[in-house]
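One structure is given below, encoded as structure tokens.
2 protein chains.
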Amino acid sequence: MPAPPPVIDIETSPDRKSAILAAALAVFSEKGIEAATIEDVRQRSQASVGSIYHHFGTKEGIAAALFAHGIDDYWARLIASAAGKASAERTIHGLIAAHIGWIAEKPDLARFLFSRRQAVGQAYDEAIRQRTAAHFKTLFELLKPWFKQGVLRRLPAGLYAPLLMGPAQEYSRQWLGGRIDIEPRVAIRELSQAAWRSLAVDPDRRD
Amino acid sequence: MPAPPPVIDIETSPDRKSAILAAALAVFSEKGIEAATIEDVRQRSQASVGSIYHHFGTKEGIAAALFAHGIDDYWARLIASAAGKASAERTIHGLIAAHIGWIAEKPDLARFLFSRRQAVGQAYDEAIRQRTAAHFKTLFELLKPWFKQGVLRRLPAGLYAPLLMGPAQEYSRQWLGGRIDIEPRVAIRELSQAAWRSLAVDPDRRD
DNA sequence: AATATTCTAGAATATTATTCTAGTCAAGCA
DNA sequence: TGCTTGACTAGAATAATATTCTAGAATATT
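Chain order of the listed sequences is A and B. In terms of my numbering, the first sequence opens at residue 243 and continues consecutively. In terms of my numbering, the second sequence opens at residue 243 and continues consecutively.
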């Protein structure tokens, strides 16, 4: 399989397109997508309206591009941390740690990614779905061995994602919204253990 | 504690305010909040611009009101189904069944509630937070006995919500987005059991 | 009934997204 | 070097749409 192209960092990359994306993220974070105006983005990015529209077509297009960027960045991290672990338990821990770690590191992008999905509009839904599905398939392959050999429970396939990442996802949303103050480190530990209990066959007799 | 006022049904209630909310929900669902125009809402609700602005102030105000309505409707259902159960296991099952059941019953409102939170804008954040916090506190009281008597694990308080509802929440999002086809009934069963495994003290020796 | 208050209407206005025209700039090439 | 092409940028002009305003109808209150 070809190595996925590295995800560029919109904060540091010097080209105008990245500058616009970074500015948009900042503005969207401050005022919300709807309230943010193109003029806001223009000022913050030092670009012109023409330039913005040349690159992204519409305001929604900016959001969609930002979204795609976020997805790729997030999943690259997730998959890197899940690959090559020696046990199912470590794989699960790695995933949850990566998820929560990423969110703590890039809270603005995370907030955008996880709370504004629909704001991007259904025109881009299919593209986003495909991107996510591809990433998730890669991840699923990493877990396959473990439930083939009876370490992880067999469940309807669609339920793995909710069970594995649901609690971390929910924790993250609340943490990002400032509605919970439990430290990421603690959450990683507790949520990993809980995920293990809910997914493992017979977790108490594992050693 | 005073009984909470019953949540009115915006679909059937005949007053103009409800009509506007119902129309807004429909339009928002079809095109997304941003793309939906006041004119769309006006046409579908048979109201006038003036009337809409009289009741809600801004377009965002409509979204906020819809959001508040959804929260109340959702939580009323959740709490009703968790109250008075004879065991912790049944309480948990009740909660998850209520969550998933509500979503399956009112998918448009659910989609709005769970996917557009940030679209409502931080001006209303505090109000929403308080509403949710109050509801959640009520729920938490219902669970207290069970972990006081050692049936449920003691964890950092903020992690109960993610563990309890996170997977159901994540399942719901995907189901609402058409990205998963597992039946609600099946999901309720599996996710209840999994939640029990992750929250109970020693679930395997419970009987 | 008289008055006040809430609600409705739709035209007028202001804001903001988007389009358009005219360039600039860098890369390739004769 | 000078020419050509395509990607990019600029900002004024336009169009779409949110919001305000004034006036009047309906409803409640005394």
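C-beta: ideal position from N, C-alpha, C; glycine also.
Chain B residues whose Cβ lies nearer than 9 Å to that of residue i
i, result
"residue 429(A)", "398, 400, 401, 404"
Contact set for residue i: own chain, Cβ-Cβ below 6 Å, skip 5 residues either direction
i, result
"residue 250(B)", "none"
"residue 413(B)", "429"
"residue 245(A)", "Reliability fails at residue 245(A), whose pLDDT of 45 lies under 50, so the model's placement of it is uncertain and the value that follows must be treated cautiously. Cβ within range, chain order: n/a, list empty."
"residue 256(B)", "none"
"residue 421(A)", "none"
Chain-ordered chain A contacts of residue i [CB-CB under 7 Å]
i, result
"residue 371(B)", "421"
"residue 411(B)", "408, 412"
"residue 436(B)", "405, 440"
Sequence-distant residues of its chain with Cβ nearer than 7 Å to residue i (five each side left out)
i, result
"residue 289(A)", "258, 261, 262"
"residue 386(A)", "none"
"residue 349(A)", "418"
"residue 243(A)", "With a pLDDT of 42 at residue 243(A), under the threshold of 50, the modelled position of that residue is not reliable, and no figure is offered here."
"residue 346(B)", "426"
"residue 338(A)", "410, 430, 433, 434, 437"
"residue 449(B)", "Note that residue 449(B) scores a pLDDT of 45, beneath 50, so its modelled location is shaky and nothing firm can be said."
"residue 353(B)", "271, 418"
"residue 284(A)", "290, 291, 294"
Chain-ordered neighbours of residue i on chain A, where CB pairs are closer than 8 Å
i, result
"residue 471(B)", "Chain B is shown only over 243 to 449; residue 471(B) falls outside these bounds and no answer can be derived."
N- and C-terminal bounds of the alpha helix (DSSP H) containing residue i
i, result
"residue 444(B)", "Taken as a continuous stretch (DSSP letters only), residue 444(B) belongs to no alpha helix (DSSP H), as it is neither H nor E."
"residue 373(A)", "367–390"
"residue 337(A)", "330–347"
"residue 306(A)", "301–324"
"residue 268(A)", "258–273"
"residue 403(B)", "402–418"
"residue 281(A)", "280–287"
"residue 291(B)", "291–298"
Cβ neighbours of residue i in the same chain (closer than 8 Å, five flanking residues each side left out)
i, result
"residue 280(A)", "291, 294, 301"
"residue 313(A)", "355, 370, 373, 374, 377"
"residue 392(A)", "443"
"residue 424(B)", "413, 417"
"residue 368(B)", "none"
"residue 405(A)", "397, 437, 440, 441"
"residue 273(A)", "282"
"residue 384(A)", "321, 324, 325, 333"
"residue 394(B)", "330, 385, 388, 441, 442, 443"
Contacts that residue i makes with chain A (C-beta to C-beta distance below 9 Å)
i, result
"residue 432(B)", "397, 398, 401, 405"
Residue of the options minimising C-alpha distance to residue i
i, options, result
"residue 316(B)", "399(B), 285(B), 381(B), 256(B)", "381(B)"
"residue 327(B)", "444(B), 318(B), 388(B)", "388(B)"
"residue 253(A)", "399(A), 276(A), 286(A)", "286(A)"
"residue 390(B)", "364(B), 351(B), 434(B), 330(B)", "330(B)"
"residue 431(A)", "402(A), 277(A), 353(A), 410(A)", "410(A)"
"residue 434(A)", "270(B), 319(B), 401(B)", "401(B)"
"residue 303(A)", "303(B), 299(B), 284(B), 277(B)", "277(B)"
"residue 403(B)", "408(A), 403(A), 284(A)", "408(A)"
"residue 318(A)", "366(A), 275(A), 379(A), 399(A)", "379(A)"
Task: Given 8 Å, three or more beta-carbon pairs between the stretch 344–359 of chain A and the stretch 287–301 of chain A - done: Flag = no, the stretch 344–359 of chain A and the stretch 287–301 of chain A do not touch.
Open item on the list: Is it the case that the stretch 300–312 of chain B contacts the stretch 263–275 of chain B, given that we only count it when at least three CB pairs across the two stretches are under 8 Å?
Closed with: Touching, yes, given that three or more Cβ pairs across the two stretches are closer than 8 Å.
Open item on the list: Counting beta carbon pairs with one atom in the stretch 334–353 of chain B and one in the stretch 407–427 of chain B, are three or more of them shorter than 8 Å?
Closed with: Cβ pair count under 8 Å is three or more, so yes.
Task: Three or more C-beta pairs below 8 Å linking the stretch 330–338 of chain B and the stretch 434–446 of chain B - done: The stretch 330–338 of chain B vs the stretch 434–446 of chain B: in contact.
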